[in-house]
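Residue numbers (full-length UniProt numbering): 1 to 872.
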């Protein structure tokens, strides 16, 4: 006891003495040695490298930790298997072959980077991401990095290799305990089978937890992924060598994030809170009993939350050991009740094998991806042709998956966050089920028919009574109005049947029809206090449904110009789209002339609410604006290329970009959107819809639209976000719009003058100027000269040279003849704004008031449209 105390005291004195002589490096060369007490810092400096001792330990390790937070948080350890003994003095230096080595004053070797190097001319730096890099001083080429040899922590910017030929990649290993950084019993990595998924193993053999498969947007087995958690995960494309890489970029790069596999085998996402000065656990897995791997055994689902679990056999299966199952021992799982026909079951009647749907589940483990299959029917046939196939799924982002092994680790979710699994059953099982379903449907059909007849009869009798009675009191009139609405709701049932889209599973997703009275109560009868704003098609109200969920209700004005087709178009389109940067539709309502859309509630309203308000604009820091720009770009890329449909939005503008509680953007308002066929690149219309200032020249003048039309709108929006000014705020200046103003500054080498003063001092001037450059490329007059959205995202995320933009002329007076020529051909124009039509807006700033008076008979525009410009 006294010996250990003496040793600890000696080390403390030794470190205290060394602090007086400590050196701090920003890079380490062959002629330099980092001694215990010296430090190597990143240039930020967010990270620092040096020797440390864990809590309750005197052993010395070389590691990397955060520099400017009070809690020492180790993110990487070099010599975790072999600590420097307390009585020795640790050193980090270069060996004769150029590798980094940890040794002591006696020459004992504890760790080496052990890289194969062409020469010994090397140097080391600690990057701003926390990566210790060994590079060649002659070529600057990286020869070794600590990110390729992590311990228990995954940091933003780290690449995790995914290679199907290589198989499982167990990259991270937990500490043995909080006081011992040597490798513990838990490892974490990627299993690429089927589609990559994150897995935590216990003792390198037993699976403890898995994330579910990556579908290009999220891990499908992790419910309720938060916006921050979901935002930054990306999987690079296979470039021919079989290698892909997972990376993670947080939505707010100024916030500290890290993923950790703890000594207890828990995968955690930790976020540093500057206010409380501690790490907050934003997500942890496994979190409930059902998160633990294969809790209920094979062919069974686990449902439950808050630490409870409830196991159920899949339909067509029964417990393998009924007695043990009743006792709560579910480890043996379930077995098939009736053999399949393909297994030699010729005695059972009921037809060939088929499938039954199991909805809202975490898909089973050990899936096999079937390439070259498109469509649910083809995937189904692929499974039927293989007698070993136990089930299949066909879903967007994953494609066709089949399972030839036991179905294990299935979790039943309480909401719609899971997928639909098609489980293979014998024909007799399906036949008995169908009989029950048919009898139930028959009963339900009879009951509904009786109800409809009774309601229609009541409405008929009420109408006769109202005519005979004649006039009524005010209270009776209110009652009449209410009953009339109820009657018309039933009478209009064929029009108001549920509108169904298509989910990622390829199955129908019913968008709920909500009653008018429910919406009225939720919005406090559309009170002024609940009004969030006024959109182009009508007011938007905040509401709270009986379930307690907050929603935004868009109540379409009768005079808005959006008819039933646009209304239906928006419902069907949004129901088919699933992306973090697209708004989510929760329901709809149509009654009499009322048409309403119910969306998820966005607490920060729309982008224009902040961007064009002089007081609120300063809240949009550059990092937030760039996050919004990237989010819009990714949403458009999904619409144009990655969704099951190919969609042109046609009305992209600041007011149609909604912001959630974390200022993440969501594209909304799909009433004007159009679906393109698989090989269709361009279309023509005689009905131009949209908003002046965001329309591309070929669309406004000739009715031609394509994905490049949305690119043009994105470019305008990009310039607005950078400048904080509307494109149409230049009517009475020498520049007719923001594009012409930006071009004039660009040609004069004064692009910096376009930047909103509130972000000029953001410290990211080069990035802002690059975004202006990208914006100028997006608003080129010719669609052929504009980049597509995939190229734009590469431009935003890299530092590759950009092509020079060509002069822009759209919006100048030289274009007026073309607009008039298109109009004279009978081109119908519809604006999504309540103010004026597109032609009226397009003529602003092009002609003086007398000329407008002469043109109005030609265009069929009443002179009153321009009265509020008479003082200009």
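Every residue gets a Cβ at the ideal spot worked out from N, C-alpha and C, and that includes glycine.
- If you draw a 10 Å sphere on the C-beta of residue 627, you find 16 or more other C-beta atoms in it, and that means buried.
- Distance from the CA of residue 153 to the CA of residue 297, rounded to the nearest whole angstrom, comes to 31 Å.
- Note on geometry: alpha-carbon atoms of residue 273 and residue 124 lie some 31 Å from one another.
- Secondary structure note for residue 87: it is in no beta strand (DSSP E), with a DSSP letter that is neither H nor E.
- Where residue 712 is concerned, the enclosing alpha helix (DSSP H) starts and stops at 707-723.
- Not a single unbroken stretch of the alpha helix (DSSP H) spanning 4 or more residues falls wholly within the segment 150-224.
- In this structure the segment 614-623 does not lie against the segment 635-653, because fewer than three pairs of beta carbons, one per stretch, are closer than 8 Å.
- If you check the CB distance, residue 366 and residue 405 come in under 8 Å.
- Pairing residue 156 with residue 245 gives a Cβ-Cβ distance that is not under 8 Å.
- With 16 or more neighbouring CB atoms inside 10 Å of its own CB, residue 640 falls in the buried class.
- With a cutoff of 8 Å on beta-carbon distance, residue 314 and residue 334 are scored as near each other.
- A Cβ-Cβ contact shorter than 8 Å links residue 86 with residue 59.
- DSSP links residue 356 through a beta bridge to 423.
- One alpha carbon belongs to residue 46, the other to residue 723, and they sit about 31 Å apart.
- When the Cα atoms are used, residue 49 and residue 262 turn out to be separated by approximately 21 Å.
- A distance of 8 Å or more separates the beta carbons of residue 195 and residue 183.
- With contact defined as three or more Cβ pairs closer than 8 Å, the segment 736-753 and the segment 709-720 are in contact.
- Within 10 angstroms of the beta-carbon of residue 663 lie 16 or more other beta-carbons, which makes it buried.
- For the pair of segments examined, the segment 88-97 was found to touch the segment 22-40: the number of CB pairs separated by less than 8 Å reaches three.
- Counted as a single uninterrupted DSSP element, the alpha helix (DSSP H) harbouring residue 635 occupies residues 622-637.
- The beta carbons of residue 645 and residue 675 sit closer together than 8 Å.
- Taking the CA atoms as reference points, residue 546 sits about 11 Å from residue 523.
- Within its own chain, the residues whose Cβ lies closer than 6 Å to the Cβ of residue 387, once the five positions on either side in sequence are excluded, are 342, listed in chain order.
- The Cβ atoms of residue 377 and residue 425 do not sit closer than 8 Å to each other.
- Nearest to residue 234 by C-alpha distance, out of 204, 275, 158, is 158.
- Taking each of 771, 783, 788 in turn and checking the Cα distance to residue 799, the smallest one comes out for 771.
- Contact between residue 805 and residue 767 is absent: CB atoms are separated by about 18 Å, not below the 8 Å threshold.
- The shortest CA-to-CA distance from residue 596 to any of 551, 607, 613, 582 is the one to 551.
- For residue 192 against residue 170, the beta-carbon gap comes to about 12 Å, at or over 8 Å, which does not count as contact.
- Note that the segment 215-225 touches the segment 385-401; at least 3 beta-carbon pairs, one per stretch, sit closer than 8 Å.
- With contacts defined as CB atoms closer than 8 Å, residue 419 and residue 361 qualify as a contacting pair.
- Per the coordinates, the alpha-carbon of residue 747 lies some 21 Å from the alpha-carbon of residue 693.
- In this structure, 179 is the residue among 179, 141, 43 with its C-alpha nearest to the C-alpha of residue 83.
- For residue 782, the closest C-alpha among the options 700, 750, 542 is that of 700.
- In this structure residue 120 is not in contact with residue 148, their Cβ atoms being roughly 20 Å apart against a cut-off of 8 Å.
- Inside the segment 269-336, DSSP marks whole beta strand (DSSP E) runs of 3 or more residues at positions 278-285, 300-303, 310-313, 317-319, 334-336, from first to last along the chain.
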